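Participant:
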Amino acid sequence: MGNKIYLPIASGMLRASAETWSEIRHNFEFMPFIFRRDTVDNIVGSYEEPEVLAFSSSLWNHELNLAVAKAARIMHPDALIIFGGAHVPHDAERFLTANPFIDVVVRGEGEVTFAKVLNAHLMGRDFSSVKGVSYRDLGEDKVVQTPDRPMIEDLDLLPSPYLTGLYDYLIRDVSDDIEYQAIFESNRGCPFGCSFCYWGNAVRKVRRFPSQRLQDEVMWFGDNRIAFVFSADANFGMYQWDLATAQMMVAAKSAFGYPQAFRCCYGKNAEDRIFEIATLLEKAGLSKGVTLSFQSTNSQTLQNIGRRNIKLDTYRSLQTRYHQANVPVYTELILGLPGETYTSFSNGIEEILQAGLHDQIGVFLCTILPNTDMSDPVYVAMHGIRAKRIALIEPHASPRLGEVQEYEDICIGTDTMPPEDWQRAAKLAWITQVLHGYKLSFFMSLYLSDQLGVKYTDLYQYILEHGREDRFPIISGEIAYYEQFLKNVLTGQAQCVFLDEFGDISWQIEEASLLRLSGHLREFYHEFLCLVVNFLHANDIVFNQSLLIEILIYQSSRMATFEKASRTPKLFNHNVPEYFDALLKDESIAIQHRPESPQILTVELTNFGGDKAEFARQIIWFGRRDSRIVEHVSWQEDFH
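Going by numbering that gives the first Met the number 0, the first residue of the sequence shown is number 0, and it counts up by one from there.
1. Can the beta-carbon of Thr371 be found closer than 8 Å to that of Tyr197?
2. Applying the criterion that 16 or more other CB atoms from any shown protein chain within 10 Å of the CB defines a buried residue, is Val452 buried or exposed?
3. Just the Cα atoms here: how many angstroms apart are Gln259 and Lys252?
4. With distance defined between alpha-carbon atoms, name the residue in Glu595, Arg399 and Arg623 nearest to Gly436.
5. When the Cα atoms are used, what is the spatial distance from Trp429 to Asp125?
6. Do the CB positions of Met416 and Ile550 come within less than 8 Å of each other?
7. Under the three-state reduction of DSSP, which class applies to Gln294: helix, strand or coil?
8. With three or more C-beta pairs closer than 8 Å as the rule, is the segment 351-363 touching the segment 325-338?
9. Any idea if Pro576 is buried or exposed, counting beta-carbon neighbours within 10 angstroms, 16 or more meaning buried?
10. Run through DSSP, which three-state label would Trp198 get?
11. To test your reading of the DSSP string, which unbroken beta strand (DSSP E) runs of 3 or more residues are found completely within the segment 583-611?
12. With a cut-off of 8 Å, does the C-beta of Ser127 fall near any C-beta of chain D?
13. Where does Trp620 sit, in a helix, a strand or coil, going by DSSP?
14. Measure the CB-CB distance between Trp631 and Glu603 and report whether it falls below 8 Å.
15. So, using beta-carbon positions, are Asn186 and Val205 closer together than 8 Å?
16. In whole angstroms, what separates the C-alpha of Phe113 from that of Val105?
17. Excluding the five sequence neighbours on either side, which residues of its own chain have a C-beta within less than 6 Å of the C-beta of Thr290, listed in chain order?
18. What are the start and end residues of each continuous alpha helix (DSSP H) run of 4 or more residues lying completely inside the segment 177-250, in chain order?
19. Return the bridge partner residues of Val575 from the DSSP annotation.
20. Could you tell me which residues DSSP pairs with Cys495 in its beta bridges?
21. So, helix, strand or coil for Ala386, using DSSP?
22. Who pairs with Gly412 in a beta bridge, going by DSSP?
23. Put Lys426 into one of helix, strand or coil per three-state DSSP.
24. Give the DSSP bridge partners of Asp136, in chain order.
25. Kindly indicate which three-state DSSP category His525 falls into: helix, strand or coil?
26. Between the beta-carbon of Ser337 and the beta-carbon of Thr413, is there less than 8 Å?
27. For Arg306, which residues of its own chain have a beta-carbon under 6 Å away from its beta-carbon, when the five flanking residues on both sides are left out?
28. So what does DSSP say about His631, is it helix, strand or coil?
29. Using the Cα positions of Glu500 and Asp312, report the straight-line distance between them to the nearest angstrom.
30. In the structure shown, what three-state DSSP assignment does Gln299 receive?
31. What is the C-beta distance between Val326 and Gly288, in whole angstroms, given that I count them as a contact (C-beta under 8 Å)?
32. Give the range of the beta strand (DSSP E) segment to which Thr330 is assigned.
33. Relative to the C-alpha of Ser565, which residue among Tyr314, Ala91 and Phe607 is closest?
34. From this set, Ala9, Trp59 and Ser295, which residue's C-alpha is nearest Glu402's C-alpha?
35. Does the Cβ of Thr342 have 16 or more other Cβ atoms within 10 Å, making it buried, or fewer, making it exposed?
36. Measuring straight from C-alpha to C-alpha, what distance separates Phe561 and Glu510?
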């Protein structure tokens, strides 16, 4: 992500734990971490005559790891090559057979197992007594899989790589133009077993690291000016200790000015505690809002994926509570889950928007990860899951020219949602995120729903169908852009795209659409108003045309732009500014025609001076979750 790179937490944990063994400290010398992406030749050439090469594989580095290991085997035929990590199949026989250059696979938690593998290597490479590994037995030409290793009950036995100084040489290198980020792990495990997620499929029991260790790590982040910290916990806020963790983050920022942001995956239970944590972090300027995710609202889908959601009534009350506390709310859905139909997916979007989501909605294509139910052949056959391997480009990542290509497997259809319905659902998800999540039609849609009873999804589906006409060149061009994107994905291309004029990082497709439209807002809103009027006529809905125009003026006035032009105050003969001000506070007032006392809207314009890259960086990348694209406004009545 540009010059922002995470410190290598997995490698650091493995090394810190291994070096607690005197046999390993006295017989092995650990080389500097290799964790920044590069060409295979550069990586392999960065060390001489290694005794052991250990790789931690995840979605974003798996293919590079394989390519480096394969090349290293040729250059260093006697080196022991070990693989571990979430992306390595637990049933490793096929994996080892397909990759004969790998000697040992570590399954599950790796710290103790990795140390025992190194110790066994010293004793003559007999790994038969090491639990939790699969290895190649060269003498008998077969793959051996030892029994699973029990989980590490006492996490206090695992030293912290931050506190033991393993990253100090990286932090001290002031010549390096890298802004290091950190992953913070306060506990391990997840009590849930969602079929699409590795967390609950791997370890169900939740264990916590000692409080003093966590306190010291957070202070380390602050003292070393780590701006961004990501929590590796599966359900932050579910436990009482999470409040203490949040308080640690706030204390560190108060003392050092760092961290500047703390991102976590909130649990779906313990509403009061999560509210307390979210408001605490928001007040300290550490949070980008709170996530209240459903993944699906369809009861059959939830049963199929082993998930239980909060009730929509609870969600609605939480929305109100967070709005009143000025905490942004982010909601996620996953497209392609088993049991979902096009109708249930569309209904799910509508239910969530009707429940009062005024902030951001994210819809993600379902990624099929190793070691989850979604990748199990029996589960796949049961639900008719159709998968497609596509190139992986992470959001907001720099181009990787000349590097090894990574891949991900996504679900493009099931028995209940065939591929053609999946594409229809993907279009609806895209336009919902652009128009509602990124606020391009948020205020207009809100008014149509609140005052005229229009369903959000009915309007968005109408625009998808009728916006393709030639007389709507901006909207039809964007629909065509997205349809071409879908075709590209179905041929194996990545989910993210690059837009040179908005910087040298990648964008999710809905982000790219917003950025493209942001240069044509005047034309877009002209076409959009025509489509809204046509929709209302087609559905025999009576409306006030002058009021509708004022709603559109309000809508367009509140959108941030990279253009240099200043905005003049807007005059409204209806109490439109007052109406939306109340509505966003979950209050209800009537819209009235008041030409004798019009309302004047003043926009607090964010001036990007025409800098498209900075606009994209601040509004989309950093501001996605808190709807920063909506400008702050004030209004007053003019009695003259």
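In this text, a Cβ means the ideal position worked out from N, Cα and C, and glycines have one as well.
Because the structure is a prediction, the values reported are computed rather than measured.
Facilitator: Taking the coordinates as given:
1. As a position in the sequence shown, residue 371 is number 372, starting the count at 1. As a position in the sequence shown, residue 197 is number 198, starting the count at 1. For Thr371 and Tyr197, yes; Cβs fall inside 8 Å.
2. On the sequence shown, residue 452 is found 453 positions in, with the first residue counted as 1. Reading off the sequence, residue 452 comes out as Gly, not Val. Exposed is the call here.
3. As a working mapping, residue 259 is identified with position 260 in the sequence shown. As a working mapping, residue 252 is identified with position 253 in the sequence shown. C-alpha of Gln259 to C-alpha of Lys252: approximately 7 Å in a straight line.
4. Along the sequence shown, one-based indexing puts residue 436 at 437. With distances taken between Cα atoms, Gly436 lies closest to Arg623.
5. In the sequence shown, residue 429 corresponds to position 430, counting from 1. In the sequence shown, residue 125 corresponds to position 126, counting from 1. The alpha-carbon atoms of Trp429 and Asp125 are separated by roughly 54 Å.
6. Translated into positions along the sequence shown, residue 416 becomes position 417. Translated into positions along the sequence shown, residue 550 becomes position 551. No, Cβ-Cβ distance for Met416 and Ile550 is not below 8 Å.
7. For the purposes of this step, residue 294 is taken as residue 295 along the sequence shown, with counting starting at 1. Three-state DSSP puts Gln294 in a strand.
8. Contact holds: three or more Cβ-Cβ distances are below 8 Å.
9. If you number the sequence shown from 1, residue 576 lands on position 577. Buried, since its Cβ has 16 or more Cβ neighbours within 10 Å.
10. Numbered from 1 along the sequence shown, position 199 holds the residue referred to as residue 198. Trp198 falls in the helix class under three-state DSSP.
11. 598-603, all fully within the segment 583-611.
12. Absence of chain D from the displayed structure is noted, only one protein chain being present.
13. Translated into positions along the sequence shown, residue 620 becomes position 621. If DSSP states are grouped into helix, strand and coil, Trp620 belongs with the helices.
14. Taking the first residue of the sequence shown as position 1, residue 631 is located at position 632. Taking the first residue of the sequence shown as position 1, residue 603 is located at position 604. Reading the sequence as shown, one finds His at residue 631 and not Trp. Taking C-beta atoms as the reference points, His631 and Glu603 count as a pair closer than 8 Å.
15. In the sequence shown, the residue the question calls residue 186 occupies position 187. In the sequence shown, the residue the question calls residue 205 occupies position 206. Yes, Cβ-Cβ distance for Asn186 and Val205 is below 8 Å.
16. Sequence index remark: in the sequence shown, residue 113 carries index 114 (1-based). Sequence index remark: in the sequence shown, residue 105 carries index 106 (1-based). Straight-line Cα distance between these residues: approximately 7 Å.
17. For the purposes of this step, residue 290 is taken as residue 291 along the sequence shown, with counting starting at 1. By the criterion of a C-beta distance shorter than 6 Å, Thr290 is surrounded in its chain by Tyr265 and Tyr329, once the five residues flanking it on both sides are discounted.
18. Complete alpha helix (DSSP H) runs here, min 4: 197-201 and 210-222.
19. Within the sequence shown, numbered from 1, the residue matching residue 575 stands at position 576. Partner(s): none; Val575 has no beta bridge.
20. Residue 495 sits at position 496 when you count from the first residue of the sequence shown. In the DSSP assignment, Cys495 forms a beta bridge with Gln507.
21. In the sequence shown, residue 386 corresponds to position 387, counting from 1. In this structure, DSSP gives Ala386 an extended state, which the three-state scheme calls strand.
22. In the sequence shown, counting from the first residue as 1, residue 412 sits at position 413. Beta-bridge analysis with DSSP links Gly412 to Arg385.
23. Start at 1 with the first residue of the sequence shown, and residue 426 comes out as number 427. Here Lys426 sits in helix by DSSP.
24. Working through the sequence shown from its first residue, we reach residue 136 at position 137. Its beta-bridge partners are Lys141.
25. On the sequence shown, position 526 is the one that residue 525 refers to. DSSP places His525 in the helix class (H, G or I) of the three-state scheme.
26. The residue you call residue 337 lines up with position 338 of the sequence shown. The residue you call residue 413 lines up with position 414 of the sequence shown. Residue identity differs from the one stated: residue 337 is Pro in this sequence, not Ser. By the CB criterion at 8 Å, Pro337 and Thr413 fall inside the cutoff.
27. On the sequence shown, residue 306 is found 307 positions in, with the first residue counted as 1. Closer than 6 Å at Cβ, skipping near neighbours: Cys193.
28. Looking up residue 631 in the sequence shown gives position 632. Three-state DSSP puts His631 in a strand.
29. In the sequence shown, the residue the question calls residue 500 occupies position 501. In the sequence shown, the residue the question calls residue 312 occupies position 313. Using only the alpha carbons, I get a separation of about 43 Å.
30. Indexing the sequence shown from 1 puts residue 299 at position 300. In the structure shown, Gln299 falls within a helical segment according to DSSP collapsed to helix, strand and coil.
31. Numbered from 1 along the sequence shown, position 327 holds the residue referred to as residue 326. Numbered from 1 along the sequence shown, position 289 holds the residue referred to as residue 288. Contact holds; Cβ gap of about 6 Å.
32. What you label residue 330 is simply residue 331 of the sequence shown in a count that begins at 1. Counting along the chain, Thr330 sits inside the beta strand (DSSP E) bounded by residues Val328 to Leu334.
33. Residue 565 sits at position 566 when you count from the first residue of the sequence shown. Nearest C-alpha to Ser565: Phe607.
34. As a working mapping, residue 402 is identified with position 403 in the sequence shown. Distances from the alpha-carbon of Glu402 to those of Ala9, Trp59 and Ser295 put Trp59 closest.
35. Here residue 342 refers to the residue found at position 343 when the sequence shown is read from its first residue. By the neighbour-count rule (16 or more Cβ atoms within 10 Å), Thr342 is not buried but exposed.
36. As a first step, residue 561 must be located in the sequence shown, where it is residue number 562. As a first step, residue 510 must be located in the sequence shown, where it is residue number 511. Going from the Cα of Phe561 to the Cα of Glu510 covers about 15 Å.
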